[in-house]
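Just so you know, the sequence shown maps onto residues 9 to 151 in my numbering. Here the structure comes first, spelled out in structure tokens, and everything after it is commentary.
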Amino acid sequence: MSEKIVGQTKSVGFQFGLRKTIPVPSDVLWEFLLSPEGTKIWLGSLNSVLEAGKEYRTRENFNGKVTVLKANSHLRLTWKKPDWENLSTLQIRCIETGKNKSVLSFHHEKLLSSGQREEMKMHWNVIMKEMITAIDKSVMKDA
9 MSEKIVGQTK SVGFQFGLRK TIPVPSDVLW EFLLSPEGTK IWLGSLNSVL
59 EAGKEYRTRE NFNGKVTVLK ANSHLRLTWK KPDWENLSTL QIRCIETGKN
109 KSVLSFHHEK LLSSGQREEM KMHWNVIMKE MITAIDKSVM KDA
């Protein structure tokens, strides 16, 4: 019997997921996530808005295609770093958990190896911290 490797799946290679509760309503979280400031943090600088069925490329040369964009809920896109040969899949969810509480969830799959998974684990942990800091500043500014 082979030993199970952390993050390895039977069908989509390796995966990584991260969730954090944030003290804002999900519509506020969603609006920030898709704002130019928000997308710059988690995706990069875009020349256009994200739309389902449309390809994107950031100024930092991340690229892919948005496959699902369900307002105030989630988006799913293919995602490729400039130095990667493979396309991965990224899903981001905003989940309402209370009156002024939401969960921000990043789920990244179709990663090629445990090394790529570890790289993305570090990446999304940094991005999550940056998102929370920026949302806190944005909410404080609007309060």
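Every residue gets a Cβ at the ideal spot worked out from N, C-alpha and C, and that includes glycine. Because the structure is a prediction, the values reported are computed rather than measured.
When C-beta atoms of the stretch 105-116 are compared with those of the stretch 124-144, three or more pairs fall below 8 Å, so the two segments count as touching. For the set GLU63, LYS62, LEU95 and LEU42, the Cα lying nearest the Cα of SER81 is the one of LEU42. Beta-bridge partners assigned by DSSP to SER113: ARG27 and ARG101.
Counting the other Cβ atoms within 10 Å of the Cβ of VAL76 gives fewer than 16, which makes it exposed. About 23 Å separates the beta carbons of PHE40 and LYS129, which is beyond the 8 Å limit, so they are not a contact pair.
In the DSSP assignment, no residue is bridged to VAL57. GLY46: not part of any beta strand (DSSP E); member of the alpha helix (DSSP H) spanning 44-50, first to last residue. Here LEU120 is not near GLY15, since their CB atoms are 7 Å or more apart.
In the displayed model, PHE70 falls within coil according to three-state DSSP, outside both helix and strand. Your pair ASN108 and PRO31 checks out as a contact, with CB atoms roughly 6 Å apart and the cut at 8 Å.
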